[in-house]
Structure formats: structure tokens, C-alpha cells
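Enquirer:
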Amino acid sequence: MNWNILIPELTLSLGILLVFILDLFASKKHYRTLLYMSALVPVFSLLSLFLVQHPAKGFFDLFEVSAVNLLGKAVLYVLTSLSLFAMQDYYEKKGSVYTELSYIPLVATLGLSLLMSSANLVLTLLSLELASISMYLLVSLFREEYLSKEAGFKYLLMGAVATSMFSLGSAFYYASTGSLFLKEYRDENSLFTLSLLLILSALALKASAVPFHFWTPDAYEGAPTPVTGYLSSAPKVALYFFFVQLLTYFHHLKQWLLLLAVLSLLSMFYANAVAYVQRSVKRLLAYSTIAHAGYFLLGIATVESTLQRALLFYVSLYAFASLGSFVIMSVLEKKEGFSHHLLDYKGLYKEHPVLASLFALFLFAFIGIPPMALFVGKLGLFMGLVETLLLPLAFAFVLASILSAGYYLRVIVLMFLEEGERRFPPARVSVGEALTLLLCSFLVLLLGVFPHLLYDLIRL
Amino acid sequence: MELLLNLAIFLPLVGAVAVALVRKEKFAKVVSISLSSLVFFMVLYLFLNFNWQAQGFQYITRLEWIPSLGISYHVGVDGMAISLLLMTALVFVSAFLWSWKVEDRPNLYFALFLLLETACLGVFSALDFFLFYLFWEGMLIPMYFIIGLWGHDRKVYAANKFFVYTFFGSVFLLLGLASIVVYGYMMTGKLSFDYTFHLGFSYPLMLQIAGFLLFGLGFAVKIPMWPVHTWLPDAHVEAPTAGSVILAAVLLKMGTFGFVRYSLPLFPEASKHFIPLIFFLSVVAIIYAAMMAIAQTHIKRLIAYSSISHMGVVTLGTFAMDLNALNGAIYMMVAHGLSSGALFMSAGFIYDRVHSYHMEDLGGLARYVPKLAVLFMLSGLAGIGFPGLAGFVAEFLVFLGTYKNFPLWAFVAGVGVVLSAVYFLYMYKRVMFEEETLSEYRLEKWKHLKDLETHHTLSFLLLIVLAFLMGLYPYPFVKILEQTSKYVLGG
Amino acid sequence: MTIEKAYMLISIFLFLSGLLGVIIRKNLITLLISTELMLNGVNLALVSVDRIVGGIEGQVFALFILAVAASEVAVGLGLIVALFRLRGYEGSSEITHLRD
Amino acid sequence: MEALAILLSPLIAFLLIGLFGSRMGDMASAVLCILGGAFSFLLSLWTTSKALSEPFAVKLYDFMPIGNYTLTLGLYFDALSSITTSVVTFVATLIFVYSVGYMKELFGQWTFKFYAYLSLFLFAMLLIVLSDNLLGIFFGWEGVGLASYLLIGYFHTQKKASNASLEAFTLNRVGDWLFLFGIIATFYLFGTLSITEIFGKVQAVDKALLGLACLLLFGGAVGKSGQLPLHTWLPNAMAGPTPVSALLHAATMVAAGVYMVARLYPMFENSPQSLKVVALIGGLTALFAALAATSHTDIKKIIAFSTMSQLGLMFLALGLGDKMGAMFHLTTHAFFKALLFLSAGSVIHAFHHHLYEIYEAGGLKRYMPATYASFLVGALALAGVFPLSGFWSKDLIIATAYHVSFLWGVLTSVVSFLTAYYIFREGFVLFHGEERFRGRQEGEPHESPGVMVVPMVLLAVMAVVAGFFEGWYGGVLGVKKELHLDIALLSTFVALSGIGIAYLVYVRGFVDPHRVYESLKPLHTTFREQFFTERLYHNVLAGGYLFYSKILYMTAERQLIDGLVNLTYPTVRSTGSLFRTLQRGKLNFYVLSLSFSFLLLLALTLLWR
Amino acid sequence: MEWLIFGFLSTWAVLSVLGVLFLKNPIHALLSFVSLILAVAGMFLHLRAELLAGLQLIIYAVAIVVFYVLVITTIPWEKVKRFEGFYKREFLAGFPILLVSFALFAYAILKGSFAKVGLEVKDNVKEVSKSLFTTYLFPLEVASVILLTAMIGAILLGRKEE
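Protein chains in written order, with my numbering: chain A, 67 to 526; chain B, 2 to 492; chain C, 9 to 108; chain D, 298 to 906; chain E, -15 to 146.
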């Protein structure tokens, strides 16, 4: 047993255990301490990443680490820590304190972390499930809030469908390759093709690509906002790091490119169109996530290190930007009577210049304006698509990103260029939220100007 | 010297941060004006020391920036760039002076303008695609907010239209950049965003055509060429005066600059291939926009259309494949920057005093604001290519150069000379003359109008004086462009 | 057509019936049951594949699926109870408060 | 240096007046303006004496590089340019002086502008005359256009004046457009823009292209000189103050076209086709304008049409190869036409700028003897009565016309006849007959002050004596001309008969002119409406341009292009709301959609080949 | 004989599935589901997956179904009446879709080539357990975490909020 490769996850698990035990004995008073403690757990895991020797395999080859998935884990841990920091005040203000909240996100992260390293479909399924079930819980854990439960149930049911699809896909994979380990398989075989479709569909559902996106807007809207932030960032990173691994095994199928092209085109255009008719900013950002899923899927359309590196860079920074914007929304939601209706954002700049500016920063980043880091990802994708001569896809990407500018701008217009009608009591930004926001925006800007700090680490 | 160029680019950025942080109104104004003047003098110094006989770029700074992507911080100027830099720096001084009396959120206002200045200076001096694009898009956000926050009634519509439209162009531009960078990578195995690195390639025709179209779409929107021009009138109409000035004087030049700097040297065959198309679009722009201009009653919209018309002359000259025409086109960029800036100031001043842009509400102002009348007239003359002012030299060179290979096109485009005089003087007549058509009420109001204040006059004079200088003694200004034009035309 | 393949077909039938169940059933509990139906179908498929290829990994996988199914049901039922507490009993057609 | 000073003194005057006029006051500005003009005149006399013996050039500075060629601005003094300079500065100075009296009433109302414009005009005009290269000529060309625009629109509060100035500038610009391309074509023909160098190479170039260049250049002259078809601005330009009409629209600026063609005559000479066009346009305009003049009743417009007509004659002469005749007529015409305008201005001044219709005045002889005398001299000179200057110069042209073709000769004779008729018609109606102005204003009309009369007298003297310089003028231009007795007799007869008819009709009352005009109404209207060209231009061309621009703006721009642009947003939105129906919150429906799309993907995957 | 057993079991399973899908009352549907579980367990036995058959019975028939029963008993049934049965329209739309899907799946299965591992399995239970505790030990641990989390979640969600 090569325990070395499991150190980060073990650290995480120990942390979970510690927090769990403390939670059992601590009363609600200590909620804040617990949450901050748990926010520090991923930091330790992050540090422990440096102890891992890579590349290596272990646990009967079920589990493998490489430079890339370690990087993914690092990003994941940072995201988790940040979103935990941002959770504390929101739940307090909303009167929905659960001490359990301190470790459930960690469990989800554990699942995602395992997902990135899994080399066997069993482990993939289980880690995915671990993450999913914790996320169902996170979505629905909102005291006395019907919408949160509804979102949770919808997410759960769609998730269950995905699980069974994934399992069936695994069954076909097993039938065609004779093993559940991910490995090279090069025959033309309808069973294998079927397994590709099923597994891809299940993962696409988790990644909320059209037409498997239906849960996304509802779950995002119903979930407590910091959780939405977590949902829109951490799983994406893990999934796409996993996707890049999966690419090795499936890309030779001629259906792979076709399926991904269809999925990504649908996602881009569908989501960008529907986002225009949203009335809630939260839902709007949910659709933005779907559209971005479309962009990201382009990154794995075919094997080309330029593409995949750009994708991983893009998705990591997207996660930060997305987390940041949802944290801003959660700060705003602490105001009495604030819903996320577009009109509530009117004149936000007057009331909260800093928050509004940061939100605008993230929105501009989503549009893909330099010097925000997402731009570099976009550029990388363009380059990769050109390099692989997938020019129609590049064109579609261009059109979709132009299309998307409109609805982001609408939010910016409301915040900056229009006068507010409703008056809300001002919202305070807690320390944790401030930390998260600062770090997210800092990273988005810094890595926009010096992308190589991260880019060079992504070695495929 | 090299340092000076970098300082000139980034001083405004520093200023922007300072102005945004120190929330004092006076501080903002003083800092902006003094910084921009400083930048202007730096650029002027560089301009005067520019070796106009030397080929290639000068004042080059090259630092490794993002080595793994082949991106470097690479700035430098050629004759065209230094001329445009000079014009840009001057126009910004002028715009800041003009904004001396801004009362609405002055700190943000000046900070955005300073940001814009860095972006504009950067675009003209970047020698790296990535850096270029960074600055290119960097101007989008400040301008968006300038239009959106300080604009007039339909500012939101205009700002959005401006943003989406120009973004539309620039994403295609980005795709084009990516394509040629990738091509360079595939050919040499070296990933490089460096402009000079790519100059050496001769791309296959298909790639040239694709690249030309992608780049061209980005530039065409910014210029703006017919028929992707409709954002411009709206943006101008709604923008605050200084915003319009910068928009017309500097931002539009980015597109034409891009054509000269990128499209022509990188895609020479494709450029030749597309001459008929570009000429058609240019001539249509010249005549069509002139017709649009005469149809307006809104003076700013009229001036905006005149910009489109003049930009048609620039694109015509750019693609005439002739040294003189190209010189003229570049000259036109600078000249138009000066004249259109001054024209928008005039319109803005009228609005400040009378609160209307509409010709129906105006008339007979000449008697009451004589200084404006003079400067407005001079600006207009500079715009319509009156000899002795910069615009004439430019138009003459463009038509001269174009006539060599494409006499008919040049001749037809020359109608613009007539039409521009018509719409400008028509507007001037409706705004400044014809007092007898005024109502009693207005006449009474006009009697209390205040003429230009000192800061207005100064900002006018800055532009007009340079326009005169360039019109009366174009020799050095044309000479400085020659090497640029030569290498752009490949020889 | 071996008997294992026939079982495969039955398993697909079960899977798709589960999907159909999710599509047509009104009651939240029956929705959950339908997802179980899908998972059962998958299990059957795994076991029959095991027989066809002559291995045991399918059964192992099926075991894990049982665990997963159990945990999903647990959470799902918890949610149903919570929904019931908050709104009284709601059918699936009425959990449509989150919509565009 | 002194050569440069000719050019610079009006420029300096302009700058000083422009910058400090409001502080100096109007009178000081006027004085400055006159001083600038006078100084220029004196210097030009001096340089003329030098240039007559030996043409010389003054290089100013390198203006701009055109490819490998460097365009250097400079001045060129030869007989033609220096004499013209002297004439221009002389007439200009006199008119500047005159205008002090004329504009006196307006002093205190920023009248210094007027002098600034006048100085500017003089500078630009001298630039045309003196430049040694085409581009320099173009500079002056546009400069006088601007000055003309500003001066016509001097009374800018009036709609009429500002419209007229706009029209003038526009039509001039049309000419300038052609002129500009003429310059460009010339440049490509000769590789240079310097006129002296051009003359050296004129034999060597392609004739067809030379013809094209000449025609384009001539286009500029057409615009500037108010020839057909760019003529309508000239009569309307009379909206400006009278000194302006005298200086710009009679003596100098409009003559610039003629001067330019004469200046570039070596080019035109080598391209007979273009000369034919010049002759045709000139001849047509001469007749056309003369006809129009017979039917107009505006004091100044009649003289304006006369100017057009005379310019037409000059072009005809040029076209027929008589450069000297044209230039000499240009010179004499400058004197007597300026004189006529000044006299007319004097009348207008007498009525405090309220009277413009000839039929509203009458019998002024008694009140304004000096003006009357001046007008008479001017009219006689214009009619070409021996021995006034007009006789000599016109005689040259008519002789040339008869020499070339009988048809041209008849044309010139008819024009001469008409000229004599209409100018005396105006004179007689104004100064003879009953005093129709009674009751229109308080007090009696009075003679103009000395400051106006003296220039008139001086001009009258010149108008009388200038003709005697014919021989000398021909000598310095290197052309030998002798008097053709038959032609001289014929034209004197023609002129006298024109005067006679006018006398019979308007002084003797032989027939009632109103009834005659009434009975010939269609003809009269046609002439008066300039063969409806003005209406054509104003209503059809200008109006049509405006109309179609507006239509195009409303349709192509707003509806089509911008409409399409604006359509994107609703399109996307409606697409969005269409797709939104999928997301109605119903779980069953979600799964159904999911299954359906899954089926499609399944089919795609399995059946894709 | 084999086919006979298959026929019996599959008929049973199909009938139970129809019950789950179309029986109005959720309790009846649940009962059909239990019957299906038994049928599937039988199939497992028939396919010689004894361990799985046992676990199927234990986990599904006992644990999961008990969950359901517990929940169902806490819900007052008179309110549920409104939401019994199934949507006809969705059925009409969904049925053909799934029918076609079934055809495609069947096509793929029948056409597909299965791998051959060729492991001689003597004692199924032993082999599976061995695999479970060697190769798949790690996933087993993960599964336990899942179950734990789900348990905590169920408690959190199901308990009465104070």
C-alpha cells in the first residue's frame, strides 16, 4: 500500500473526522470556530500536496497521482477553503446555523479529490457519489427554506438518473473491455461506444452541459448562495481535470468529437440565449455556468496539449471568478428583503461601490475581457482549436462569447448606470467573505497578467 | 529613451490609481492634467529625437513576460506609431483641460480617462500581439463607463451598443491573432506572440485570407467601416464631450492603425486580393456617410457621420498600395484626430451652454459666442480638408496615391471633398448663422451666453495649433512616416 | 442469443422502465422508487456481463451500487419528509417553484 | 524678401486684425487692412519693374515630400503674375478704402472681422497669382473660396446671405474637387508640380492625358469663375456687402479662373481639345449671362451677370488661343467692373442698404453726380466704347473670335450688344427718370463721402486709361497685337446700338419696358431664371440630395443596417424565451427532455458513420 | 430449463415493473417494487451471483423498503390522493422515446462484441469477497463514508427543526 499518494486525502479525512467529533460535542455557539477550523483543513491538505511523490499509482492501481491532478487538487482545496470562509456569516445572518455545515463541504471536496485521482470506474462512481450526496445535502440544508429543499430534491433525482446512467455505462465498458479499470481500448465496438455515450452523458449532467443541464438553474437558485458558489466552482474543476484524464481513453472514437461538439454547441447557444430572459441574477449566472460548460467541453474535443492546458487554466480561473461572484451575491442577500431579481441590483454601485466594482470585474472576466485571467483561457482555447483545425467550433465559440456579452452587461448596466428604486439596509462584509473576495479577484487579475504562474504548472 | 516610452505609457495608469484612491476633486484634475501634459512632453521629446531615416522600430523595450506562451513585453514605435502617440497624448491633454469643470463624480471620471490613456498609448506602441490585444480591449471598459455614466439620455443603449459591437469585432481579431500565432508555432515550433517574429513569415494564401478577414473584421468595427458603423453615431451622440473627443480622435484610429500595422505587412497577398472590396466599402462609406451626415439635425450625430466618411478616406489610402497614399492615410489619422476632437468640443460646448444638440433649437450663435465661432470654423475647416490645415495634406496625399493605380476610385472618392464641405457648412450655417430665424425667446437667452472659458480655449488651441502646423509644414511629419510606409508596403 | 444476453435485454428494459417511471409518476416517493428500478436494471446488467465475460468485477460494482442506492434513497426520503414538513405533502408536479 | 513681403503684408494684417481686432477697434482695423494692401501694392510695383526685365522665383520652404519628389513652395514673378499682382493689390487697396466709407454705419458691431476677411482674401489671392506651383495655387484657390464664403455670408444673421455663402462654397468646392484631381493628374504626367518645370516638359507628355489634366484643372476655373454649369452661386453672392462684390466677385477672385488658365497656358495650348471645351464653356456662359442680365432688376445682380458674361468672354478668348486678349480684358475688366460695383454700392449706401431694386430708384443723377459719373465711365468701358479701356480689351477678343470663326465672332458681337444694353438699362433706370424712391425713406439720397468717392474716381481714371497700355501689355507678355479697324468699328457700332436702345427705352420712354417684358413673359422668365438652372440646382440637385439623404437615413441606415443590428437583441431574447419553456420547473418534464435528447444522441452515436 | 427459468423470472419482473409504473397507490407501487426485487434476486441466483442475491434481499428488501415504509407511514395519506397515478401526456411522449431507445440499446448489445476474461469462477461468493477486500478495499471505505454521510444527511433533513 502506497500511502504516500493518499496524504492529501488522508489529511482531509482526518480533518473531517476532527471537525465531526468536535461537532458532536460542541454546541451551536461554537459554530463559527468550527467553520473556520474546517476552512483551514483544506489548507493543510494543500500543504500536504507537496509531500506527494508523483507520478505514482497505488491501491491496486485504483488511485493514481500525477502533476496535473495534484494541481487540480490544489485548486480544489483553495476553492473549498475560500468557500468555507465565505459561508459563515451568511448562515448566521439567515438564522440557519448547522454545525454540520462545517464538514459536509469537506466531504464533498474529499469526493472530488478522489475523483481526480481515480483510475477505476468503481472509484469514479463512488467518489462522484460521495461528492454528489454531500452536495445534495449542502443544497438542501437551509433552515425553513422550501426552495432549498425543492432544489435539493431536483438535484438529487437528476443526479440519481446520472448515477444510473454512469453505472450502466460502466457495465458496458466492462462488457467491452473486460475490466473496470480505465485503460486503452481501441476496437470498434458498439458496446464501447454505448459506454462512452452513457458515461459522457452522466458526466455532462454533473458538469451541467445542455441537454443535461436541467437541474442546474433550479439547484443554483434554490441553494443557499455560498453553496451555489461552491457548486459552481469546485465540482467543475474536479470534473474537468477528470475529463482530461478520460480523454486519453475515449478520444480515438470518432463519436467523441461529434458528441462533444454537439454538447458544447448546444450548451453555448442555448444557455446564452436563455440567459437573456432571466429575471434573477442568480439564475442568470447559472446559465452562464452552463454556457461556460459549453466552452470548456471544447477543450476536450480532441487531444492536443494546447487545448487541454488552456481548458484547465480556464476552468480553474473560472471557478475563482464564479465563486467570487456568488460570494458577492451572498453578501448582498444578507440584506433584508433582497432577492436576486435584476431590479434589486439597480443602483448597487451607489450603495456598495466596492462590491459592485468587484462584481463587475468578475462579470467582465466572464465576458473575456483582458487583463482578467479568463481571457487567457479563452485565447488558449482559440489557439488550440485553430491548431487542431476545429475552425467551425472556434467560430461558434466566438459567436457565443459575443452573444454572452449582452446579458452580463445588463447586470453591469443595472448596477452602475441606473438609479436604485428600492432602498435596502446596507450589508456588511464579514472577514471571511472579504478574504474570499480579495483572493478571488486578486487571482483573477494576477493570473490574467502573469498567467504563466499557473499555466506552467499545467504539464500534460 | 526606451524608459521614457514605457513611462509615458504607464504614468497615466499610476495616475488613474492615485486619482481613484485619493478622493479629492482638485487633486484629480491637477494630477490628470499635469500627468497627461508630462506624457505629452515625453512623447514630444521622443518624437523630436526620432530617427526618421532608420528602418524598423525604435525605443524598443523587450522583456520576457510569459515565456511559456511566447509572450513578451515588447514595445517600440515606428514613424506611424510615434505620430499617433503624439496626437493621442495631445488629445488627452486637451480632453483633460476641457473637463476642468466636470462636477459629476470627477475622480472616477478622471481615473477612467487616465486608464483610457494608458490603453490608447499602449495600443500604438505594443509590438506583441498579446500586449496589443490587452491594450486594445483595455480601452473597452473605461470607455464603456465613460459613455454609460456621463452620457446623455440614451446612454445605456449607446454604451451597450458600443461595447457589444466593438467586442464583436475584437473577438474575431483575437481568433485571427490566435490563428497566426499557431501557424507560426506549427511552422517553426516556436510559440511566439511577437510581432516582429511574425513579420518574417509568408503565410499561405488561404491563411492570409482568413487572417485578413478576421483581423479586418476587428479593425473594421473599430474604424468603423460601412456597414458595421452604426455603433459610432449612437456612441458619439450619447458620450460626454471629452469621451466623444477621445472616441473620435483616438479610438477610431486604432482600427486604421491595425490595418496598417498588422493587416498589410502580415497578409500582403490577401490585402491585394481584397482591394476591390475595401475600396468599395471605403467609397460607400465616404459618400454614404456624407449623405447620412447631411440628413442629421443632431450636430453630434452629424459630426459622427463625418468621422465615418473620413475614415473611409483613410481605408482608401491604406489599401491603395502606394507610398503616398499610405503616408496620406496615416497623416489622415492624425489630422482627423485633431479636427474631429475639436469639432466634438465645439458641439459639446454648445450643449453645455444651450443644452441642445438639435439644429432646430440652435442658430445665430456666431454673434454671441464669437470665439467659439472662430474655433468651430477652424475645426470644421481642418475636418473638410482645407489647405493650410492638416486634413488637406492627408486628403491630397491619399487621393494622389490612390489615383496612381486606381484613378477612377480616387476620383469618385474625391466627391467626399465636396460633400464634406456641404454638410459641415450646412451645420455651421444652421448652428451659427441665420439669426433671423430665431425666436424672441431664444434671442434673449442667447444674449446671456458665456463664450469659451480659458480652459476651453486652451484645449481647442492645442489641437488647432498642431493642425495648422501639420497643414503648413507637413514636411517632417510626412518624412517620419516614410520608412513605416515602405516596410508596410514591403520594400 | 444466449441467456445472458437475454438478461441484458431485461436489464435494459428495467433501466428504461425506471426512466419512464421518473417521467410519468406523479408521486415523489414513486419517483424515487423508479430511480431504484434503474439501478436494479444496471445491477442485472452488471451481473449478466460478469457471466458473459467470465469475471467478478461486475458483481463488485453491483455491490457498490447497492450502497449508493441506499444512500440516495436515504437522502431522498429525508428530503421528501422535509418537503412535507414545510409545505404539507406536495406532489412532484407541484415542486415547480423554481423555474424560469 | 520684398517679394515675400507682398504676400505677407496682408497676411500680417489679417492676423493682427483677427487677433486684436476687438481691442483695436474697427477703424484701426480698417486702417491696418488698407496699409497692408497699400504696402503690398507698392512692393508689387517695385517687383513688377524687376520681373518685367527678368522673371525670378522665390523659394520658400520644402512643403512636403511626394514619393521621391519634394514639393517646395515658392513664388514666381514674371510679367503675367507681377502685373496681375499690381492690379489686384491696386484694386484691392482702393476697395479697402472705399469700404471704410461703405461700412461706416456698421462700425462697432465687430466690423473688424470684415477687414480681417478682406486681408485674408488679398493674401489668398496673391498666393494664387504668385505661386510657382500648382499646390500653392490650390492653397490660394481654397483660401479665396473661404474668404468669399465668409464675406458673402458677412451679414450672417440673414438667412439669404448664409444660404448664398453656402452655395458659393459648395459650387467652388465642386470646382476644387476637379482642380485637385487636375493637379494630381498633372503630377503624374510631369512628375512635378512646379509650373516652370511643367512648362519645360509640356511637349513631351501624352496628349490625351494632358487633355484630361487640363480639363480637370479647367473644372476648377469653372467653379471659381462662375461659368456654366457651376454658375448659380455668383449672382447669389451679391448678398455680401458691395465692396466684396466689387473686389471678389468682379475684379479679382472670379478672375482667378481665367488667370489660372492663362498661367498654365502652355499646358492648355498643347491640348487643343481642352481649349475647345474652354472656348465652348466661355462662349456659352458669356451669352447665357448676358441674357440673364437683361432681365434682372437687382442693382448688383445685373453687374454680377455681367461679370459672368465678361469672364465667359475671357475664357472664350483663352479657348480660342488669345491669352493676351483674355488677360488684358481681365485687367481692364478689374477696373471698370470694380468701378461699376462701387458705384452701385454708393447708391445702396445712399439708401442705407435698403434699396436693391433698380426700379425703386431713379433720377439719382441729381443727387449723386460723382457716382453717376463713375457709373457712366464704368458702363461705357464695359460696353466697349472707344476710347475707354473696355474697348481695347474687348476688341482683342472679338477680333480673335472673328478670326477663328465667324460664328464665334457673331456670338461675341451679340454679347457685346447685350452688354451695352443691360448695363445702360441699369444706369438709365437708376440715374435718370422719375424719383421712384420718394416716400420710401426720410431725407434725400446724398452723395457718398470722400473716402468712397476717391477710390471710385481713381478707378474711373484707370478704367479710362488702362486701355492705352494694350501695346505695352502685349509687349511684356510677348504677344504682338494690332488694332483691327473693321472689328473696332463693328463693335463700336454694336455697343452704341445697345446703348441707344437702352436710351430710347429707358430715358426717352420710346416703349414701355414693362409692357415689353410683360409681352415676352416666357422669354423674360427663362432669362430671369437663368434658364431655370438655379431652380434645377436648388430644388432638384440640392433639394434632391437632402431629400434622398434623409430617405436613405430613414430607410437604409435606421431600418436596414441599424435595424438589423438592433434586431439581434429581440431575436436572441425571443429565442431565449422560446427555449425557456423547457425549464418550467417540472421534474418529469426535465427527465422527459433529457431522455429525448439522450435518444437523439444515442441515435447519433450508434448510427454515425 | 434455463430458458424456462428465465421466462418465469422475466415475466415476473416485467409484471412487477408494470406494477411499479402504473399502480395508482404508492404503497401498491412499493409492493410491486418489492416483488421486482425478489425477481431480480432470483435472476442473480440464476446467474450464479449468490452473494449479490443475498445482499439484494438484505439491503433492498429490508433496509431500503423499510425506509420507504417509515416515510410513508409518517405521511397522512388522505392528502396524497391527489398525487397518485401517473401523467398520461408524459407517458404518451415518453413511451415511444424509450421504445426506440430500447431498440437501439438492444441493437448495440446484440451487435457488440463482449470481452473475454475467462476467469474460472469456482466459488462466486469467495471470489467476490476476495476482490472486495483486496482490489476494491479502498472503494469499500469510500462507500462507507458515503453511507455515513447519507445517514447524517437523512437525519439532518428528516428531523424536526426546532
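Every residue, glycine too, gets a C-beta built ideally from N, C-alpha and C.
Could you spell out the range, first to last residue, of the beta strand (DSSP E) harbouring A:Lys123?
Expert: Run containing A:Lys123: Ala122 to Gly124, per the beta strand (DSSP E) assignment.
Enquirer: Which two residues bound the contiguous alpha helix (DSSP H) that contains D:Leu370?
Expert: Note, D:Leu370: premise wrong, no alpha helix (DSSP H); beta strand (DSSP E) at Tyr366 to Phe374.
Enquirer: Could one say the Cβ of B:Lys448 lies closer than 9 Å to chain D's Cβ atoms, at least one of them?
Expert: By this cut-off, B:Lys448 is not an interface position.
Enquirer: Do you know whose CA, among D:Ala785, D:Gly730 and D:Val750, lies nearest D:Val804's CA?
Expert: Residue D:Gly730 is the option with its Cα nearest to D:Val804.
Enquirer: With distances taken Cα to Cα, identify the nearest neighbour of D:Ile314 among D:Leu305, D:Ala325 and D:Leu304.
Expert: The shortest Cα separation from D:Ile314 among D:Leu305, D:Ala325 and D:Leu304 belongs to D:Ala325.
Enquirer: Note down the Cα distance separating B:Tyr488 from B:Val261, rounded to an integer number of angstroms.
Expert: Computed Cα separation, rounded: 10 Å.
Enquirer: Is A:Ser184 helix, strand or coil by DSSP?
Expert: A:Ser184: strand per DSSP, three-state reduction.
Enquirer: Less than 9 Å between CB atoms is the rule here; does E:Thr119 satisfy it with respect to chain C?
Expert: Yes - at least one Cβ of chain C is within 9 Å of the one on E:Thr119.
Enquirer: According to DSSP, is D:Trp769 part of a helix, a strand, or is it coil?
Expert: D:Trp769: helix per DSSP, three-state reduction.
Enquirer: Among B:Gly364, B:Gln484 and B:Gly123, whose alpha-carbon lies nearest the alpha-carbon of B:Glu437?
Expert: Looking at the Cα atoms, B:Gly364 is the closest of the given residues.
Enquirer: Could you tell me whether the Cβ of A:Gln374 comes closer than 9 Å to any Cβ of chain D?
Expert: Chain D, which has no Cβ nearer than 9 Å to the Cβ of A:Gln374, makes this no.
Enquirer: Apart from the five residues on each side of it in sequence, which residues of its chain come closer than 7 Å, Cβ to Cβ, to A:Leu260?
Expert: Around A:Leu260: Phe238.
Enquirer: Starting from the C-beta of B:Met312, find all residues in its chain whose C-beta is less than 8 Å away, skip the five residues before and the five after it, and write them out in chain order.
Expert: Ile224, Pro225, Met226, Leu253, Gly256, Thr257, Ala286 and His337, listed in sequence order.
Enquirer: In chain C, what lies closer than 7 Å to E:Met135 by C-beta?
Expert: Within 7 Å Cβ-Cβ: Ala82.
Enquirer: At what residue ranges does the stretch 307 to 394 of chain D contain a whole run of the alpha helix (DSSP H), taking only runs of 4 or more?
Expert: Those alpha helix (DSSP H) runs which fall completely within the stretch 307 to 394 of chain D and span 4+ residues are 323 to 350.
Enquirer: With a cut-off of 8 Å on the beta carbons, I'd call A:Val85 and A:Ser104 a contact; round off their distance for me.
Expert: Between A:Ser104 and A:Val85 the Cβ distance is about 5 Å, and since that is below 8 Å, they are a contact.
Enquirer: Using the DSSP secondary-structure output, state which residues sit across from D:Ala491 in a beta bridge.
Expert: As written in the sequence, residue 491 of chain D is Ser, which differs from the Ala given in the question. DSSP lists D:Asn430 as partners of D:Ser491.
Enquirer: Buried or exposed: which applies to E:Lys72, given that a residue is buried once 16 or more other Cβ atoms fall within 10 Å of its Cβ?
Expert: By the neighbour-count rule (16 or more Cβ atoms within 10 Å), E:Lys72 is not buried but exposed.
Enquirer: What number of angstroms, rounded off, separates the C-alpha of C:Leu54 from the C-alpha of A:Asn135?
Expert: Using only the alpha carbons, I get a separation of about 30 Å.
Enquirer: To the nearest angstrom, report how far apart B:Thr274 and B:Gly152 are at their CA atoms.
Expert: The sequence shown places His at residue 274 of chain B, rather than the Thr named in the question. Whole-angstrom Cα-Cα distance: 41 Å.
Enquirer: State yes or no: is the C-beta of D:Ser522 within less than 9 Å of the C-beta of D:Ala553?
Expert: Against a cut-off of 9 Å, the Cβ pair of D:Ala553 and D:Ser522 comes out as a contact.
Enquirer: Would you mind sorting A:Leu351 into buried or exposed? The rule is 16 or more other CB atoms within 10 Å of its CB.
Expert: Looking at its Cβ environment, which holds 16 or more other Cβ atoms inside 10 Å, A:Leu351 is buried.
Enquirer: Using a Cβ cut-off of 9 Å (strictly closer), state whether D:Ser892 contacts chain E.
Expert: Output row for D:Ser892: interface = yes.
Enquirer: Pairing CB atoms from the stretch 757 to 773 of chain D with CB atoms from the stretch 680 to 699 of chain D, are three or more of them under 8 Å?
Expert: Yes, since at least three Cβ pairs between the stretch 757 to 773 of chain D and the stretch 680 to 699 of chain D fall closer than 8 Å, the two stretches touch.
Enquirer: Check the Cβ of D:Lys456 against every Cβ in chain B and list those closer than 7 Å, keeping chain order.
Expert: Under the 7 Å cutoff, chain B gives Glu435, Glu437 and Thr438.
Enquirer: Determine whether the Cβ of D:Val888 lies closer than 9 Å to any Cβ atom of chain C.
Expert: It does: the Cβ of D:Val888 has a partner Cβ on chain C nearer than 9 Å.
Enquirer: Cα separation between B:Thr1 and B:Leu85?
Expert: Because residue 1 of chain B is not part of the residues shown, which for chain B are 2 to 492, the question remains open.
Enquirer: Are any of the Cβ atoms in chain D nearer than 9 Å to that of C:Ile32?
Expert: Yes, its Cβ sits closer than 9 Å to a Cβ of chain D.
Enquirer: Answer with buried or exposed for A:Ser236, where buried requires no fewer than 16 other C-beta atoms within 10 angstroms of its C-beta.
Expert: Buried, since its Cβ has 16 or more Cβ neighbours within 10 Å.
Enquirer: On the DSSP bridge list, what partners appear for A:Phe129?
Expert: The partner list for A:Phe129 (beta bridge, DSSP) reads A:Gly124 and A:Ser184.
Enquirer: In terms of alpha-carbon separation, which member of A:Ile468, A:Arg252, A:Phe463 and A:Lys272 lies closest to A:Gly365?
Expert: A:Gly365 has its Cα closest to that of A:Phe463, out of A:Ile468, A:Arg252, A:Phe463 and A:Lys272.
Enquirer: Determine, using beta carbons only, whether A:Asp410 comes closer than 9 Å to chain B.
Expert: Cβ-Cβ to chain B under 9 Å: no for A:Asp410.
Enquirer: May I ask you to report which of helix, strand or coil DSSP gives B:Leu439?
Expert: Coil at B:Leu439, not helix or strand.
Enquirer: Starting from D:Trp407 and walking both ways along the beta strand (DSSP E), at which residues does that stretch end?
Expert: Counting along the chain, D:Trp407 falls outside any beta strand (DSSP E), and DSSP gives it neither H nor E.
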